[in-house]
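Heads up: the protein sequence lines correspond to chains B and Z, in order.
Quick note: the first sequence, position 205, residue 204 per numbering that gives the first Met the number 0, numbers continuous.
Quick note: the second sequence, position 210, residue 209 per numbering that gives the first Met the number 0, numbers continuous.
Please read the structure below before turning to the comments.
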Amino acid sequence: MSPEDLLRELYDRTLVGNAPEVLRLTNEGLTMGMSPETLLFDSLIPSLEEVGARFERGDFFVPEMLIAGKAMAGALDVLRPLLAETGAETVGTFVMGTVKGDVHDIGKNLVNIMLEGAGFQVIDLGVQVAPERFIEAIQEHQPDIVGFSAFLTTTMPMFKANINALEKAGLRDQVLVMVGGAPVTQEYADAVGADGYAADASAAVAKAKALIAARRASATV
Amino acid sequence: METVLRSAKATVTIGHDQPFCVIGERINPTGRKAFQAELQRGDLSRVARDVEEQVAGGAMVLDVNMGAPLADEVGLMAAAVKMIQGLCDLPLCIDSSVVEALEAGLAAYDGKALVNSVTAEDERLEAVLPLVKRHGAAVIALPNDEEEIPAEPRRRLDLAKKIVDVATGRFGIPLEDIVLDPLAMPVGADTSLVQRSLETLWLIREEIGTNTTLGASNVSFGMPDRAAIGAAFLPMAAVMGLTSAIMDARSPVLVQSVKAADLLLDHDPWGAAWIAGHRRRAAAAPGPST
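See below:
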């Protein structure tokens, strides 16, 4: 198989979430001497972007998104240590969690898939994440962005509580804050002092990239 | 066991020998951006159409949820409950995770309401159950606690029993006024989840015997052709002991699926309600009769 054929095959298999084939092709590509960056950026990421686009258009459904994400995650397990060795810069690091009092995680998991698919390193803290746990994870992982997810109007106020906790811990200036979830609006995100909001998983990736780019640009001025 | 709900003029009985109780889910701003914006302005005009469509579709109880972000949920709940009572005679299900909004809805309601909901979290039990008792209402109980939404049906049953013990023992709420929710999860997220809800329903029926309800639309979340999934799920759940559901009462496919389940499970003697439903539909949509 030529490298071009392999990349096309890997793209197609990721699109339909065939985890064993995605893993096999990833290993085969590496054996052929292809770089982890090539496999990631020329096949896996574009494939996941297509999955996200189809989902937003209503052509793909939740299980298809989940299974594609799972296939991608299997390949990333192989590629991540290699990428770290080569010192390739990650797009960004994202600490993610559903806020305290809230156990909804489907939307959050879809956003995680799209973020990983776009090359972010995602540290998922799960559901019912208390402010202290967000603080600990931020101190440990030094992420570019922390994401708070809430599905209920009653748990949305935890966004503000979390941001207050960041301020108290002296971390607010070190990390960008994104919020999202079914009842959340741009207006609400602004009201609690978040840096970013997105209505769906694809938009969340675009927003995350834009926020990081803006911050890196202002840091170099 | 029978759970009796009342409005000022009407009574609805939920029970294992009763027709399946259709609780209309529509008066809820979640996922309805235009409705959210209206509620933020205090505009309840859309509610009148929601009431009309659900009554026409066959709703027997109406759920009322005013949880829009940055809106005055407490004030809106009181206003909506008053307004809806002027528009129809159906008993109401007062739905909020804000205790003050539940209180406002109950205070504005004339009858015996269903409160949606309480969980097995100690804080929620302490906050919601006294209200339920004081207003003589019935209450929907969800078997999750501070720690988890249990995956295992047995663990859900344990939490359901905990709520029942606290509600009946500490607060003196009659067992028949507790409606247990087995937790309906999206089949699209994991295709093993719905079987766990069905198993939980069976355990509740065998070991507690109360009435049950669930959010039927959850099941088909994220999937295409949702009505067909709901129409398969609801009769399955009815077999396992489900006696009501919070569901899209505007969907003829869904509502007919529970009416057919009533017929098939011998809750519709001589098929009288099923045949009457057919005649109503035939009269409303003239054409060749089948």
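Glycine residues also receive a C-beta, built at the ideal position from the N, C-alpha and C atoms.
- Look at the beta carbons and you see the region 183 to 198 of chain Z touching the region 143 to 159 of chain Z: at least three pairs across the two are nearer than 8 angstroms.
- Its chain contains 5 as the residues whose beta carbon lies nearer than 7 angstroms to that of residue 27 of chain B, once the 5 sequence neighbours on both sides are disregarded; these appear in chain order.
- DSSP places residue 147 of chain B within a strand segment (E or B) once states are collapsed to three.
- In the DSSP assignment, residue 228 of chain Z falls within the alpha helix (DSSP H) that extends over 225 to 238.
- If you keep only unbroken beta strand (DSSP E) runs of at least 3 residues inside the region 148 to 206 of chain B, you get 175 to 179.
- Nearest to residue 61 of chain B by C-alpha distance, out of B/16, B/179, B/171, B/94, is B/16.
- In this structure, residue 218 of chain Z lies near residue 232 of chain Z, with their beta-carbon atoms less than 8 angstroms apart.
- Taken in chain order, the whole beta strand (DSSP E) runs of length 3 or more contained in the region 152 to 209 of chain Z are 177 to 179.
- In this structure residue 174 of chain B is buried. Its beta-carbon is surrounded by 16 or more other beta-carbon atoms within 10 angstroms.
- Residue 199 of chain Z is outside the set of residues whose beta carbon lies under 8 angstroms from a beta carbon in chain B.
- Here residue 131 of chain Z carries a helix assignment [DSSP, helix/strand/coil].
- In the DSSP assignment, residue 5 of chain Z forms a beta bridge with Z/10, Z/111.
- Using a Cβ-Cβ cut-off of 9 angstroms, residue 188 of chain Z is close to 61, 62, 65, 104, 105, 108 of chain B, given in chain order.
- For residue 128 of chain B, the three-state secondary structure derived from DSSP is strand.
- The beta carbon of residue 97 of chain Z sits closer than 8 angstroms to some beta carbon of chain B.
- Taking C-beta separations shorter than 6 angstroms and ignoring five residues to either side along the sequence, the partners of residue 102 of chain Z in its chain run 130, following chain order.
- The C-beta separation of residue 122 of chain B from residue 98 of chain B comes to about 16 angstroms, leaving the pair out of contact by the 8 angstroms criterion.
- In the three-state reduction of the DSSP assignment, residue 82 of chain Z falls in the helix class, which pools H, G and I.
- Looking at the backbone, the Cα of residue 51 of chain Z and that of residue 175 of chain Z are separated by about 30 angstroms.
- Apart from sequence neighbours up to five positions away, the residues of its chain that approach residue 116 of chain Z with a beta-carbon distance below 6 angstroms are 139, 141, ordered along the chain.
- Shortest Cα-Cα distance from residue 67 of chain Z to any of Z/89, Z/61, Z/92, Z/33 involves Z/33.
- Taken in chain order, the unbroken stretches of alpha helix (DSSP H) that lie wholly in the region 242 to 266 of chain Z and span 4 residues or more are 251 to 263.
- Annotation note: the region 30 to 115 of chain B contains the following uninterrupted alpha helix (DSSP H) runs of length 4 or greater, listed N- to C-terminal: 35 to 38, 44 to 56, 61 to 85.
- Taking the Cα of residue 181 of chain Z as reference, the smallest distance to any Cα among Z/121, Z/243, Z/133, Z/134 is reached at Z/243.
- When 8 angstroms is used as the limit between beta carbons, residue 183 of chain B is near these residues of chain Z: 68, in chain order.
- In this structure, the straight-line span from the alpha carbon of residue 91 of chain Z to that of residue 156 of chain B is close to 28 angstroms.
- DSSP places residue 27 of chain Z outside both helix and strand once states are collapsed to three, so it counts as coil.
- For the region 131 to 157 of chain Z, the residues whose beta carbon sits under 9 angstroms from a beta carbon of chain B are, in order, 143, 145, 146, 147, 148.
- The shortest C-alpha to C-alpha distance from residue 120 of chain Z to any of Z/112, Z/111, Z/146 is the one to Z/146.
- Annotation: residue 63 of chain Z to residue 88 of chain Z spans about 14 angstroms, alpha carbon to alpha carbon.
- Look at residue 30 of chain Z: its C-beta is under 8 angstroms from a C-beta on chain B.
- Closest by C-alpha distance to residue 168 of chain Z, out of Z/193, Z/132, Z/256, is Z/132.
- For residue 110 of chain B against residue 203 of chain B, the beta-carbon gap comes to about 5 angstroms, under 8 angstroms, which counts as contact.
- Under the three-state reduction of DSSP output, residue 136 of chain Z falls in the coil class, being neither helix nor strand.
- In this structure, residue 11 of chain Z lies near residue 60 of chain Z, with their beta-carbon atoms less than 8 angstroms apart.
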